[in-house]
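These notes concern the structure reproduced below.
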C-alpha cells in the first residue's frame, strides 16, 4: 500500500537518481511558475523542481517492469496504481525508465555515416594499391630472372618464380597468357 501518492519515490538516490511519481496526474502542474518542493517517500529527502513547464513529462506502465509485473500497488482509498511518471530536465528526453541526451540530429548522423563510408572506401583502395604494387614488384623481379610468376599450390610458399619458356601445354605463345587479376600483361 502506498501511503502518500503525492510524494515521489527516489530511485538510485546515491547516483543522482530520478524521482518517480505514482502516475501522471501526480506530476507537478506544468503551468506552475514557481519552484515546487516535495519530500521523497522513501528517503525523506527534499526535492525541488523548477522550470516545470520546460521539463519533459514521461510515463510508463508499472507492469512494464518485470520485477513489479505481479505486484499490485494500491492507495489508502483502494485505488490501483498502474503507472510511474517522472520529469526530465530541459534538453533531455524520456528513454525507457530514465532521462537521456536527445538523439543526434539527422544531418550529424548523415555526416558521420558519410565519413565512415569514405574511410572504408579509402581503406579498400589502399589495400588494392598495396596488392597491385606487390604484384607488379613480383612480376618485375621474376621477369628480370626470366621467370614467370606462378602460385605455389602445395602450400609451402605463397608465391614463387618458375623458369619461363613462354610455352604452355606445348603451345608457343607470342605473348604471355592471361595472368592473375591486378597484374598487368606486358609483352616480352
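In full-length UniProt numbering, the protein residues as written are 1 to 188.
Note that the Cβ used here is the ideal one computed from N, Cα and C, for glycine as well.
On the CB-based measure, 16 or more other CB atoms within 10 Å of its CB, does residue i come out buried or exposed?
i	result
residue 27	buried
residue 137	exposed
residue 12	exposed
residue 133	exposed
residue 21	buried
residue 44	exposed
residue 69	exposed
residue 25	exposed
residue 151	Caution applies to residue 151, whose pLDDT of 47 falls short of 50 and renders its modelled position unreliable; the value that the coordinates give is listed next. Residue 151 comes out exposed.
residue 163	Because the pLDDT at residue 163 is just 49, under 50, the model does not fix this residue reliably, and the value given afterwards should be weighed accordingly. Classification for residue 163: exposed.
When you compare the CB positions of residue i and residue j, do they come within less than 8 Å of one another, or not?
i	j	result
residue 62	residue 77	no
residue 39	residue 7	yes
residue 81	residue 9	no
residue 23	residue 85	yes
residue 3	residue 47	no
residue 1	residue 74	yes
residue 52	residue 67	no
Per DSSP, which one or two residues make a beta bridge with residue i?
i	result
residue 195	Only positions 1 to 188 of the chain appear in this structure, which leaves residue 195 out of reach.
residue 58	86
residue 48	37
residue 2	75
Between the stretch 83 to 95 and the stretch 49 to 58, do three or more beta carbon pairs fall short of 8 Å? yes
What residue ranges within the stretch 63 to 101 form continuous beta strand (DSSP E) runs of no fewer than 3 residues, ordered along the chain? 83 to 88, 93 to 95 and 98 to 100
Quick check on the DSSP output: what are the complete alpha helix (DSSP H) runs of length 4 or more inside the stretch 105 to 138, in order along the chain? none
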